[in-house]
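Below is one structure, written out as structure tokens, with a few remarks after it.
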């Protein structure tokens with residue numbers, strides 16, 4: 017049985033932002049991924065969420081959508097490193113482009129929307145199965161405002177949000193000090209009908 021929580025150092029990163037280990041663990045818990053789920057990862061970046069999801073859904077499929085060339089290259093490298101070529105497919109485009117062609121899904125991660133949040137959510141709504149989940153990891157108030165504004169108008173979803181602040185211990189000479197990481201908002205939306 018695979019458990020989420022791959023160490024950050026295991027991923028090839030370069031200068032592409034990455035969802036950190038503690039946030040990935042919480043995101044996977046909120047997603048409740050089953051072994052045969054179809055998962056979309058919009059704004060996949062290095063693919064850290066895509067990799068964790070693919071390991072939890074070995075009979076499923078992950079579609080990693082990413083627009084930046086450097087990130088797409090890193091996605092392919094990380095997929096190869098974790099030997100998940102059969103489970104993760106990279107879609108090199110800016111969402112919502114390309115989403116129409118994907119199969120219906122059980123879980124969607126949104127890590128970046130490129131100012132297309134409402135269009136992306138409209139399209140997801142047509143493809144997300146009943147009981148499916150959308151997990152939005154956000155670092156800006158604007159993203160939180162967009163997702164909550166959208167969900168308050170939808171009668172077929174429930175949603176919740178948490179704000180997470182992670183601090184990591186680091187050595188400073190003979191002392192230990194906590195080093196603050198950026199706070200992250202995790203919004204979980206469940207399609208109920």
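Numbering (my numbering), first residue to last: 17 to 209. For glycine and all other residues, C-beta sits at the position ideal for the given N, C-alpha and C.
Partner residues in the beta bridge of residue 107, as assigned by DSSP, are 81. DSSP places residue 49 outside both helix and strand once states are collapsed to three, so it counts as coil.
For residue 98, the secondary structure class from DSSP, reduced to helix, strand or coil, is coil. When the beta-carbon positions are compared, residue 94 and residue 28 come within less than 8 Å of each other.
Under the three-state reduction of DSSP output, residue 18 falls in the coil class, being neither helix nor strand.
When DSSP states are grouped into helix, strand and coil, residue 156 belongs to the coil group.
For the stretch 136-180, the full-length beta strand (DSSP E) segments reaching 3 residues or more read 144-154 and 173-180 along the chain. Residue 87 and residue 62 do touch by the CB rule: their CB atoms are close to 7 Å apart, below 8 Å. In the DSSP assignment, residue 196 falls within the beta strand (DSSP E) that extends over 191-196.
Annotated as proximal: residue 60 and residue 91, with beta-carbon spacing under 8 Å. Straight-line spacing of the CA atoms in residue 99 and residue 41 works out to 20 Å. Residue 154 sits away from residue 124, with the two beta carbons spaced by 8 Å or more.
Under the Cβ criterion (8 Å, minimum of three pairs), the stretch 111-119 does not count as touching the stretch 160-167.
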